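Using this note's numbering, the first residue of the sequence shown is number 156, and each one after it goes up by one.
Data first, discussion second: the structure below is written as structure tokens.
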Amino acid sequence: MADVFEEFVAVVAEGMAGPGTAVVNGAGLAGRVHLSRFHFDRVIGAVAGESPFAFRRRVLLERAAYRLLVEQVAVLDVAVEAGYGSHEAFTRAFARAYGMSPREWRREASRVFFLTAPSGVHFQPPAGLRLPARTEVRGMDVLVRMVEHHVWLTGEMIERGARLDAAALDRPIELSVEGIDDDISIRYLLDRLVWQEEMWLASVEDRPFQVPECGRQVVTPISELRERHAIAGSRFVALVNQLNEEGRFDESFVDTTCEPPRVFTYGGMVAHLLTFAAHRRSLLIGAFYTAGITDLGFGDPMQYVAEGK
């Protein structure tokens, strides 16, 4: 039965190749998997926990909700692409599923378009389906340790910054990479490391976050950075540990802090944070050396990860 379900999902996904793709009816789907309509409905219902019709209608509604979120397309066009014959029928079905009309959905701050599904299969932007993992992914412990090291080292760097006067904190760092950061200093980089944690927490929790303007003068006191990092750092570590324990690094979320909103995987988000944080930490290590602070070494995570502390 599982093979039939996988073939069914593949056929549905094929029919969602893009906006305007024709919706295959139930008899057509049954024929594609070489079953009678009766047996097709029974097999898919047993495996998916919902009828083929309900399954297909749900993922088409998820696609419609996503398109309403990220594209300036007429509601009627979305309704037709989702298989509805009228604006009214689509609006009623959408309101039953999401608790609001399509127009209200576009104005709503919450942008989670997945609907409850026993099978765990959902629409995956831009035009596919996401299946749950067959087994939990538990091999990401090193990634978790790298995140823990990043949060720990950021805290240590903030404490080193507390040893410096304002002139040293705000002295320009000449070495930089064009296009990543401009007009950087120790204070600027410490501030950037902290709000990077805060920004991604807001993104995955679908909370508003005002990204600081590029090139702005940073005047954040070290004491404030210490307090913010104590909260954001511990929460980010907790998030990554939870994702690891539940095997969810390949799941996706909609980042509404982007304009237009974008879809990222949790694993990709963590990799992004670590990549750019490592660059900024390296610049900080050099700046601290220039300021006479050398007890952080190279900021290398090797020993930290190996010793598990």
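Glycine is no exception: its CB is placed at the ideal position from the N, C-alpha and C atoms.
The structure presented is a predicted model; accordingly, all values stated were derived computationally and were not measured.
When E314, Y343 and I313 are compared, the shortest CA-CA separation from D325 is found for Y343. Contact between the region 306-323 and the region 449-463 is present, with at least three C-beta pairs closer than 8 Å. A distance below 8 Å between beta-carbons, with the five flanking residues on each side excluded, links G275 to the following residues of its chain, in chain order: L286 and P287. As the crow flies, the alpha-carbon of V366 is around 12 Å from that of T411.
According to the DSSP assignment, G423 belongs to the alpha helix (DSSP H) that extends over Y421 to T445. Comparing alpha carbon positions, the residue from E400, A442, R390 and E379 closest to A323 is A442.
Under DSSP, no beta-bridge partner is assigned to Q365. With a cutoff of 8 Å on beta-carbon distance, A237 and A219 are scored as near each other. As a beta-bridge residue in DSSP terms, H277 pairs with R285. Classified as exposed, Y444 has fewer than 16 neighbouring CB atoms from the shown chains inside 10 Å of its CB.
DSSP places F408 inside the beta strand (DSSP E), whose first and last residues are S407 to D410. A residue is called buried once 16 or more other Cβ atoms fall within 10 Å of its Cβ, and P363, having fewer, is exposed. Residue range H242 to Y253 is occupied by the alpha helix (DSSP H) that includes H242. Bounds of the alpha helix (DSSP H) holding A209 are P207 to V225. Excluding its 5 nearest sequence neighbours in each direction, L439 has C-beta neighbours in its own chain below 6 Å: M312 and L344, listed in chain order. Straight through space, the alpha carbons of P257 and D320 are spaced by roughly 55 Å. In the three-state scheme derived from DSSP, where H, G and I count as helix and E and B as strand, V267 is classed as coil. Here DSSP, grouped into helix, strand and coil, assigns V164 to helix. Residues of the same chain with a CB within less than 6 Å of the CB of S378, apart from the 5 flanking positions on each side, do not exist. Looking at the DSSP output, V418 sits in a beta bridge with V409.
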